[in-house]
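Numbering (UniProt numbering), first residue to last: 1 to 219.
Down below is the structure, laid out as structure tokens.
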């Protein structure tokens with residue numbers, strides 16, 4: 001392998017991981033905003049998301065340029081395709097985290113309903129845990145860890161079912177407003193977890209070459 005090309009592949013790998021860490025920080029801010037309704041932290045999250053988007057765009061363009069210039073084959077091409085798909089997932093996860101952050105003005109309303117709020121907080125914790133597992137698997141190229149993500153995500157499905165049940169029990173003049181805020185928040189958290197699973201699928205493609213993992217999408 002050409003030394004220069006090898007170095008560029010390593011730079012792509014490192015920059016994907018840096019971007020993934022930044023998205024992990026965004027998820028941490030999201031959890032704090034959900035728990036506290038801190039509008040100042042929400043504003044910081046908005047600014048940080050713009051930076052993440054710029055990182056994704058820059059690295060995506062760089063990766064496509066590398067494919068065009070070097071015409072890689074076999075494992076090198078598979079890595080670059082996986083990196084591109086990984087960047088897509090990271091951007092989506094960041095956007096979903098921001099969707100939760102934008103509900104910050106509704107936090108006192110959500111917190112006024114203990115069952116709903118507790119479920120959302122639990123969902124946020126699980127979403128972050130699944131994401132960090134996915135990030136760790138990607139960094140360590142750990143196929144076993146990637147495999148566990150889909151199984152562990154079933155707990156998120158249970159939390160979301162609980163959330164919907166609590167929403168259906170709402171009554172009173174403010175019920176509709178609260179229900180909308182809870183559904184928007186809960187759905188975003190559920191999809192963060194789903195995208196964490198897809199990160200694992202992208203890694204499984206990278207390590208096994210099975211195209212079924214590359215084609216995996218959220219239904």
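Yeah, the Cβ is synthetic: ideal placement off N, Cα and C, and Gly gets one too.
Identify which residue in 20, 29 and 59 has its Cα closest to the Cα of residue 9.
-> If you number the chain shown from 1, residue 9 lands on position 9. For residue 9, the nearest C-alpha among the options comes from 59.
Start-to-end residues for the alpha helix (DSSP H) that takes in residue 11 = The count along the chain shown starts at 1 and reaches residue 11 at position 11. 3–36 is the extent of the alpha helix (DSSP H) around residue 11.
With DSSP as the reference, label residue 84 as helix, strand or coil.
-> Here residue 84 corresponds to residue number 84 of the chain shown, with the count starting at 1. Residue 84 falls in the helix class under three-state DSSP.
When 167, 116, 111 and 196 are compared against residue 134, the one with the closest alpha-carbon | The residue labelled residue 134 in the question sits at position 134 within the chain shown. The option with the nearest alpha carbon to residue 134 is 196.
Would you call residue 14 buried or exposed, if buried means 16 or more other Cβ atoms sit within 10 Å of its Cβ?
-> In the chain shown, counting from the first residue as 1, residue 14 sits at position 14. Exposed: under 16 other Cβ atoms inside 10 Å.
Excluding sequence positions up to five away, which residues of its chain have a Cβ less than 6 Å from the Cβ of residue 143?
-> Along the chain shown, read from residue 1 onward, the residue named residue 143 stands at position 143. If we look at residue 143 and ignore the five residues flanking it on each side, its Cβ neighbours are 207.
Taking the C-alpha atoms as reference points, what is the distance between residue 190 and residue 38?
-> Numbered from 1 along the chain shown, position 190 holds the residue referred to as residue 190. Numbered from 1 along the chain shown, position 38 holds the residue referred to as residue 38. Near 22 Å, if we compare the C-alpha coordinates of residue 38 and residue 190.
Flag this pair as yes or no: are the beta carbons of residue 153 and residue 194 separated by less than 8 Å?
-> As a first step, residue 153 is located in the chain shown; it is residue number 153 there, counting from the start. As a first step, residue 194 is located in the chain shown; it is residue number 194 there, counting from the start. Result yes, Cβ atoms of residue 153 and residue 194 sit closer than 8 Å.
Going by alpha carbons, who is nearest to residue 32 out of 124, 146, 155 and 178?
-> For the purposes of this step, residue 32 is taken as residue 32 along the chain shown, with counting starting at 1. Selected option, being the one with the closest Cα: 124.
Are any of the Cβ atoms in chain B nearer than 8 Å to that of residue 3?
-> Protein chains in the displayed structure number just one, and chain B is not present.
Length of the line joining the Cα atoms of residue 92 and residue 211 = Sequence index remark: in the chain shown, residue 92 carries index 92 (1-based). Sequence index remark: in the chain shown, residue 211 carries index 211 (1-based). Each residue's Cα considered, the two are about 21 Å apart.
Nearest-angstrom Cα distance between residue 169 and residue 122?
-> As a working mapping, residue 169 is identified with position 169 in the chain shown. As a working mapping, residue 122 is identified with position 122 in the chain shown. So the alpha carbons of these two residues sit roughly 19 Å apart.
Grab the span of the alpha helix (DSSP H) containing residue 44 for me, first residue to last.
-> The residue labelled residue 44 in the question sits at position 44 within the chain shown. Unbroken alpha helix (DSSP H) run through residue 44: 39–70.
Proximal residues to residue 67 (C-beta, below 7 Å), its chain only, five neighbours per side dropped = Mapped onto the chain shown, residue 67 falls at position 67. The answer, listed in chain order, is 80.
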